[in-house]
RNA sequence: GCCCCCAUCGUCUAGUGGCCUAGGACAUAGCCCUCUCAAGGCUAAGACAGGGGUUCGAGUCCCCUUGGGGGUACCA
């Protein structure tokens, strides 16, 4: 049984790089009919774990990446919170100590630091002198009598090599001398990552450790612990980093200000910000930006589009295939085809996937996604009336591909504002209504025809307008542009006839008259 | 400093010694379509980091350099 895991720390938000790592774990487990475990790395953050964890769990659930065991759902190999597993870690420390593979050390931090700096000055590699190592209870007592506090360190071999196979990097060989006597238990009795990780993975029966490249250098020391504990080694696969837009630096949530200088990143960010503002979301760039999953959820992206983009970040099937449903992803994913070079995150390309997925979504589903945005912007009642739903569906249908994320429906807010509250795009008004000498007159004449029109559907309106154009001996654009600005307030939008049909006769006539008044 | 990993268009990538005058996608530019804006169609521009080898032949194998990243914590 294949078992993989992802172990986020409760930081309050779900990072896109983490999702990519989790996705590969999830995919690998599903592909092999295995299980995916969500463990929580909360060793140092005891406070507000619940609040800081919720957005992460919500994010994964929204993306549809469910876990078989772990936080919230429990399971037979818990607890799944590291903060609740201290006894397990201490037991492992004791085993290592008993086997002589770890030792009590009473050096003060500054004493070790001094040794390290001396080694660096001599341009050599650092190796702790083990000067304050205590091998017997008597030695311990003596050092403690001096007022020293003990930590437990790994007694790493100083000759020979550690060999292991990595599914992505191939065969790895690490000289043991290059490894330090890493601390595994602090003076306060708490344990460190390398130890906790190994213990948890074993207790939770993890078969494949699939994680980011930053852990490649941690692997040898973890293998030392694994072997020392006499437990079986898991398989390893170290994924390349997800890098910043346009660079090879590791993607970080702390550098948003810098990413915003990237035009592609900024475009996606601005698009999301505009929507957030319209629905009254208070946001700050630190917590609401295209590096955080919640951003995409709030702006109305599709989870499938995000997953499809993410699976391609470091993995590919061949030279052509780019689109994968969840089922196909699971079927076709393999570690063998994971790239070894870092991949930089490109929100523009993610957006392109979003567009494609949105285009294929049935109108009913798009409408269902769009309604909450109009409700939150207070443009329609909440819950919406059947009539409002119908109108929104017609707008969504008419808007077609223009609605790229669900929040884009807010571009058509002018259908919901009162006629006398309609805001006009000044530049467009000037260009299409005030400036052309014939515009106002044409609008007046056309409004007259409109008010006597018997049918008000798009096709009839088109006919009506064509007849008008012929009668007046003008070109269609002369009246079309003026009409669009007069009825919607804007120079851009979907088909004019559809717009007018949606507005209905009375509102069209009223808006034209109001516009003439302002001209 | 020391140890380790990585290197194909701006970006994601295909490429596992001859099929590569390097293919696809996003982005970019131009044209077409057109009531605006999208969408769509067509076209263009755009890469093997550099230097040495090995080989009949190298993007593909080896070495060096350069660049990027990670580790070297009583962080994860």
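In the numbering used here, the protein residues as written are 1309 to 1827.
Beta carbons: idealized from backbone N, C-alpha and C, even for Gly.
Hey, is the stretch 1328–1345 in contact with the stretch 1530–1542, meaning 3+ C-beta pairs nearer than 8 Å?
Output reads no: the stretch 1530–1542 does not touch the stretch 1328–1345.
Should residue 1459 and residue 1471 be called a contact, given that it needs their Cβ atoms to be closer than 9 Å?
Position 151 of the first chain, counting from 1, holds the residue named residue 1459. Position 163 of the first chain, counting from 1, holds the residue named residue 1471. The Cβ atoms of residue 1459 and residue 1471 do not sit closer than 9 Å to each other.
Can you name the residues that DSSP bridges to residue 1519?
Residue numbering aside, residue 1519 sits at position 211 when the first chain is read from its first letter. The partner list for residue 1519 (beta bridge, DSSP) reads 1546.
DSSP on residue 1688, reduced to helix/strand/coil?
Sequence index remark: in the first chain, residue 1688 carries index 380 (1-based). In this structure, residue 1688 counts as coil in the three-state DSSP scheme.
I believe residue 1329 touches residue 1551 by the beta-carbon criterion, under 8 Å. Please report the beta-carbon distance rounded to the nearest angstrom.
What you label residue 1329 is simply residue 21 of the first chain in a count that begins at 1. What you label residue 1551 is simply residue 243 of the first chain in a count that begins at 1. 13 Å between Cβ atoms; not a contact.
Secondary structure at residue 1512, three-state DSSP: helix, strand or coil?
Here residue 1512 refers to the residue found at position 204 when the first chain is read from its first residue. Of the three classes helix, strand and coil, the one that applies to residue 1512 here is coil, per DSSP.
Just to confirm the assignment, what range does the alpha helix (DSSP H) spanning residue 1736 have?
As a first step, residue 1736 is located in the first chain; it is residue number 428 there, counting from the start. Taken as a continuous stretch (DSSP letters only), the alpha helix (DSSP H) holding residue 1736 covers 1734–1737.
Starting from the C-beta of residue 1748, find all residues in its chain whose C-beta is less than 6 Å away, skip the five residues before and the five after it, and write them out in chain order.
Taking the first residue of the first chain as position 1, residue 1748 is located at position 440. Residues of the same chain with a CB within less than 6 Å of the CB of residue 1748, apart from the 5 flanking positions on each side, are 1824, 1827 in chain order.
Contact the stretch 1677–1695 vs the stretch 1587–1604: 3+ CB pairs below 8 Å:
Result yes; three or more Cβ-Cβ pairs closer than 8 Å.
Same chain, Cβ closer than 6 Å to residue 1424, neighbours up to 5 away in sequence not counted:
For the purposes of this step, residue 1424 is identified with residue 116 of the first chain, where counting begins at 1. Taking C-beta separations shorter than 6 Å and ignoring five residues to either side along the sequence, the partners of residue 1424 in its chain run 1434, following chain order.
At least 3 beta-carbon pairs within less than 8 Å: the stretch 1701–1710 vs the stretch 1779–1797:
Put simply, the stretch 1701–1710 does not touch the stretch 1779–1797. Fewer than three CB pairs are less than 8 Å apart.
Short Cβ contact (9 Å threshold) for residue 1485 with residue 1461
Your numbering for residue 1485 matches position 177 in the first chain. Your numbering for residue 1461 matches position 153 in the first chain. No, they are not a contact pair.
In angstroms, rounded to a whole number, what distance separates the CA positions of residue 1721 and residue 1599?
On the first chain, position 413 is the one that residue 1721 refers to. On the first chain, position 291 is the one that residue 1599 refers to. In this model, residue 1721 and residue 1599 are separated by some 28 Å (Cα to Cα).
DSSP on residue 1482, reduced to helix/strand/coil?
Counting from one through the first chain, the residue named residue 1482 turns up at place 174. DSSP, reduced to helix, strand and coil, places residue 1482 within a strand of the structure shown.
Just mark residue 1377 as buried or exposed, buried being the case when its beta carbon has 16 or more other beta carbons within 10 Å.
Residue numbering aside, residue 1377 sits at position 69 when the first chain is read from its first letter. Buried is the call here.
May I ask you to list the residues that DSSP assigns as paired with residue 1470?
Taking the first residue of the first chain as 1, we reach residue 1470 at position 162. Residue 1470 is bridged to 1482.
Do the CB positions of residue 1751 and residue 1808 come within less than 9 Å of each other?
In the first chain, counting from the first residue as 1, residue 1751 sits at position 443. In the first chain, counting from the first residue as 1, residue 1808 sits at position 500. In this structure, residue 1751 sits away from residue 1808, with a CB-CB distance that is not shorter than 9 Å.
The stretch 1511–1527 / the stretch 1445–1458 touching (three or more Cβ pairs under 8 Å):
At 8 Å Cβ cutoff, the stretches do not touch.
Is it buried or exposed, residue 1479, if we count other Cβ atoms within 10 angstroms and call 16 or more buried?
Working through the first chain from its first residue, we reach residue 1479 at position 171. Result: exposed.
If you draw a straight line from the C-alpha of residue 1372 to the C-alpha of residue 1339, how long is it?
In the first chain, residue 1372 corresponds to position 64, counting from 1. In the first chain, residue 1339 corresponds to position 31, counting from 1. About 16 Å.
Less than 9 Å separating the beta-carbons of residue 1518 and residue 1374?
Sequence index remark: in the first chain, residue 1518 carries index 210 (1-based). Sequence index remark: in the first chain, residue 1374 carries index 66 (1-based). In this structure, residue 1374 does not lie closer than 9 Å to residue 1518 by Cβ.
Within 10 angstroms of the Cβ of residue 1593, are there 16 or more other Cβ atoms? Answer buried if so, exposed if not.
Reading the first chain from its first residue, position 285 is the one you call residue 1593. Under a 10 Å Cβ-count criterion, residue 1593 is classified as exposed, with fewer than 16 other Cβ atoms of the shown protein chains found around its own Cβ.
Can you tell me which of the three DSSP states residue 1725 falls into?
Taking the first residue of the first chain as position 1, residue 1725 is located at position 417. Of the three classes helix, strand and coil, the one that applies to residue 1725 here is coil, per DSSP.
Rounded distance between the beta-carbons of residue 1597 and residue 1617, thought under 8 Å
Residue mapping note: residue 1617 aligns to position 309 of the first chain, counting from 1. Residue mapping note: residue 1597 aligns to position 289 of the first chain, counting from 1. Not a contact, Cβ separation roughly 16 Å.
Counting Cβ pairs closer than 8 Å, one from the stretch 1617–1637 and one from the stretch 1562–1578, do we hit at least three?
The answer is no - the stretch 1562–1578 does not touch the stretch 1617–1637, with fewer than three Cβ pairs under 8 Å.
Between which two residues does the beta strand (DSSP E) carrying residue 1567 extend?
Translated into the one-based positions of the first chain, residue 1567 becomes position 259. Counting along the chain, residue 1567 falls outside any beta strand (DSSP E), though it belongs to the alpha helix (DSSP H) covering 1564–1567.
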